[in-house]
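Asker: Structure in structure tokens, see below.
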């Protein structure tokens, strides 16, 4: 039998071949690999070596290790109220549904509140989401004795009888008890209780808050540590890429794809220095401290870890193109292993496989540590030691270090000593200079996908390797592998769009205008109907092409999970093949700054184009049936709306208005609403909330932050149509709120601010704004700082007032330039009649109404108590890509959300409607 040292040496030596995906190991093989890794470490200890893990109180003995760990995990899940989600995992829709807690900002009161508080704050991009502090509102005579003994004697119990004016907001000012849950334990427990799509959402929101992301999720109970490749795949970041020659530019990519130098920070036995605190200092520019990695000195939770040891986290330093802010000229990844490497030998082996250098923090190096580190002999990974030696151990440390130097091929420059008297700032600069030096030199560069390959070889489970995910990926690859040019693909595969749909949409507009005319000419209407039938007959003569057939087959999969995987893979696959990003992009940063009124960019190929094609097949067939050219028995596409509505119910945005033709496919939308009514059954009361505004005013980000939605926000990928998403109201709250679901509509890039002189485009914008606002119970108008309301929206106001439909409005002015504002700005509430600026008044041309003329800028809005003007701070605190979301932005958006829900509940908006009523509104508007 080979010695453990030789086996470990073979596993960590040199570069790994990441070119091929290793086959997934069976569960039994993964368990064997983990057991071997544990045995290797224990054999390495030797009979004469003692290895106290910390103070020994939190570590299991050899014989009872599985039992103790199982108890810890189950106890943690029970404490947090998550034990019920071990069989049926918590899903994304469960986490996003609106409940009474959605309108409250109170602190958690029991440990069972912590997971839901974390999810709500994370959805709102609140950078204080990791706080596990609680304030208990328990009467003195109702306190459970066991809770008092568990949480200690310092708990403050607030009796509301002592102060009749106390409310939920007063608790934030009370003393808080010691936190019973470590934030990392909370994160691990929640991830272990969530399905793949909620895990992905959690990781995405954490990245926007600039939190370190979980990369390897420990599960000590089942010895099944999981590499979270799928959960990471949805995180897209933008950074400055500087080629060796030529001008630099911005690159946008998923974080799992680019290869970068990677540096791991680990602890060996005991270290007096905080590893995570050091990492935060290395990642922080001099003027502002970042808290990517949670550490013990933060005030959000200082309890010992129970289940999070073995967690591997990752964060990046990404350049912005500004030399005064960038720490490194290229992306650099930092890995952090929680816990001691001796207890988590498998994770440590993974880090040595993928890292350019490993920084090992320890207080002392003895015989056992020497044996452990000697197993890395021959590894291409550089080793650096950060020591804080005990007094009296200096000679022993030097003796073993001198023996390690030839083994690891290091010298004395690889040994850093940090004691209490060391200048911290100077020490951080030294560590940063080592990282920069290694990154500049020839070194190992890996992507997260490469790390996943290495994890498979070591026996770790990779979340992306499940059968449903891989089948969905294979179907996506069959569709996208032949796409070389997006325009050619639209022309050859998505044949009913483009010019055929544009002509049909124009004829339908003319037909509606002729039908509404005071003295319509029957001959003209008959001619238009004949032209429309001819165009629809041409469309109906086609059959779905191969790529569309594969897409429909993916939507028709009997497995709900496989359908969800397929849609996510399609989004990423189309983003990659239809708009390939070279490794050295040359797009200047200035060109990405949104400008109001600028011509729209070419629309990128996306999932919405496949669904739009399905809609056109349904439109053409329905039109011919209405005209008597087809019988109902000849229908081929009647099931298409049902496939699409299933996506809407599962949280995917569906297109309401086509941005390329500025038209609404009425038969398709009517079919969708009918299917939605049937799908929702008894819970079909809807409130419609819409957001309007020109591109670049932050309306999509606002809606996503309020409700956890998935409207496109990256300008290079944003489609121009209006999209709708469904938000579920919890059954326990629906009676109080007065609706069962909220249908949220984002106008996308439809309203580009066309001048009134551009009559064709302007009239279409007015019609679309009228449709969206007419369907809505509540409308949010998102504006820039100029206070100028687009003329198309003002005209839509007037048309709706004439029709007697005036929903509740909220006007939101967002600070788009002051991204570094440190705190929230107080919102202002004043009647909208004072709001429009000179630009709005100038562009608002008189429109005939009844017997007189009225200037739109002078439109008197009905009830000042219903229409408020909000001023929202800038989204970013600092300069992207390393900026986090401003706490002021998050708090302001939460207050806006609370106000909108209050208006709905109190009847200040129009009452909820059924799907059938929405259908009638669509036809009328």
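Numbering (our numbering), first residue to last: 370 to 1294. All residues carry an ideal CB built from backbone N, CA and C; glycine is no exception. Bear in mind that the values here come from a model prediction, so they are computed numbers and not experimental data.
On the criterion of 16 or more Cβ atoms from any shown chain inside 10 Å, does residue 465 qualify as buried, or is it exposed?
Answerer: buried
Asker: Please report the Cβ distance between residue 716 and residue 681, rounded to the nearest whole angstrom; I am assuming they are in contact, meaning their Cβ atoms lie under 8 Å.
Answerer: 6 Å
Asker: On a CA-only basis, which of 936, 485, 1133 and 813 is nearest residue 470? Give me that one, please.
Answerer: Looking at 936, 485, 1133 and 813, the one whose alpha-carbon comes closest to that of residue 470 is 485.
Asker: Are the region 682-692 and the region 786-803 in contact at 8 Å, needing three or more beta carbon pairs?
Answerer: Contact between the region 682-692 and the region 786-803 is absent, because fewer than three Cβ pairs lie under 8 Å.
Asker: Within the continuous alpha helix (DSSP H) that includes residue 1168, where are the two ends?
Answerer: 1160-1172
Asker: Using only the alpha-carbon positions, how far apart do residue 789 and residue 730 sit?
Answerer: 15 Å
Asker: Using C-beta distances below 6 Å, list every residue in its chain close to residue 1070, excluding the 5 sequence neighbours before and after it, in chain order.
Answerer: 1082
Asker: Is the CB-CB distance between residue 769 and residue 734 below 7 Å?
Answerer: yes
Asker: Measure the alpha-carbon distance for residue 1091 versus residue 753 and round it to whole angstroms.
Answerer: 54 Å
Asker: With a cut-off of 8 Å on the beta carbons, I'd call residue 989 and residue 909 a contact; round off their distance for me.
Answerer: 4 Å
Asker: Which two residues bound the contiguous beta strand (DSSP E) that contains residue 1177?
Answerer: 1177-1183
Asker: Which residue or residues does DSSP assign as beta-bridge partners of residue 706?
Answerer: Residue 706 pairs with 681.
Asker: Among residues of its own chain, excluding the 5 on either side of residue 1291, which ones have a beta-carbon nearer than 8 Å to its beta-carbon?
Answerer: 1033, 1035, 1038, 1039, 1042, 1140 and 1144
Asker: Under 7 Å between the Cβ atoms of residue 1068 and residue 1151?
Answerer: yes
Asker: With DSSP collapsed to three states, give me the class of residue 1013.
Answerer: helix
Asker: Output the distance between the C-alpha atoms of residue 423 and residue 625, rounded to the nearest integer angstrom.
Answerer: Only weak support is given to the placement of residue 423: the predicted model assigns it a pLDDT of 35, under 50, and the question is left unresolved by the model.
Asker: Could you please give the first and the last residue of the uninterrupted beta strand (DSSP E) stretch that includes residue 1151?
Answerer: 1147-1152
Asker: What is the C-beta distance between residue 630 and residue 850, in whole angstroms, given that I count them as a contact (C-beta under 8 Å)?
Answerer: Their Cβ separation, rounded to whole angstroms, is 32 Å, which puts residue 630 and residue 850 out of contact at 8 Å.
Asker: From what residue to what residue does the alpha helix (DSSP H) around residue 1070 run?
Answerer: 1068-1076
Asker: Among the candidates 841, 917, 861 and 942, whose CA atom is the shortest distance from the CA of residue 927?
Answerer: Closest by C-alpha distance to residue 927, out of 841, 917, 861 and 942, is 841.
Asker: From the DSSP output, in three-state form, read off residue 1094 for me.
Answerer: strand
Asker: With a cut-off of 8 Å, do at least 3 Cβ pairs link the region 871-883 to the region 921-940?
Answerer: no
Asker: Just the C-alpha distance for residue 917 and residue 863, rounded to the nearest angstrom, thanks.
Answerer: 8 Å
Asker: Starting from the Cα of residue 819, find the closest Cα among 1049, 724, 1237 and 442 and give me that residue.
Answerer: 724
Asker: Please determine if the region 585-598 and the region 819-832 are in contact, where contact requires at least 3 C-beta pairs separated by less than 8 Å.
Answerer: yes
Asker: If we define contact as Cβ-Cβ less than 7 Å, is residue 730 a contact residue for chain B?
Answerer: As a matter of chain content, chain B is missing from the structure shown, which is built from one protein chain.
Asker: Between 1117, 1131 and 1052, which lies nearest to residue 1096 when the distance is taken from Cα to Cα?
Answerer: 1052
Asker: Provide the residue(s) that pair with residue 878 in DSSP beta bridges, ordered along the chain.
Answerer: None, per the DSSP bridge assignment.
Asker: Name the DSSP bridge partner or partners of residue 1024?
Answerer: Among the bridge pairs identified by DSSP, residue 1024 is matched with 1092.
Asker: Within the same chain, show all residues whose beta-carbon is closer than 7 Å to that of residue 1099, passing over the 5 residues directly before and after it, in chain order.
Answerer: Correct list, in chain order: 466, 467 and 468.
Asker: If we count Cβ pairs, one from each stretch, closer than 8 Å, do we get three or more for the region 600-614 versus the region 574-583?
Answerer: yes
Asker: When you compare the CB positions of residue 1120 and residue 1134, do they come within less than 7 Å of one another, or not?
Answerer: Note that the C-beta distance between residue 1120 and residue 1134 is below 7 Å.
Asker: When the Cα of residue 564 is compared with those of 491, 712 and 458, which residue comes out closest?
Answerer: 458
Asker: Are the Cβ atoms of residue 1253 and residue 1107 separated by less than 7 Å?
Answerer: no
Asker: Looking only at its own chain, which residues have a Cβ that is under 6 Å from the Cβ of residue 762, when we skip the five neighbours before and after it?
Answerer: Take residue 762, set aside five residues on each side of it, and the residues of its chain with a beta-carbon closer than 6 Å to its own are 733, in chain order.
Asker: Could you tell me which residues DSSP puts in a beta bridge with residue 1058?
Answerer: 1113 and 1147
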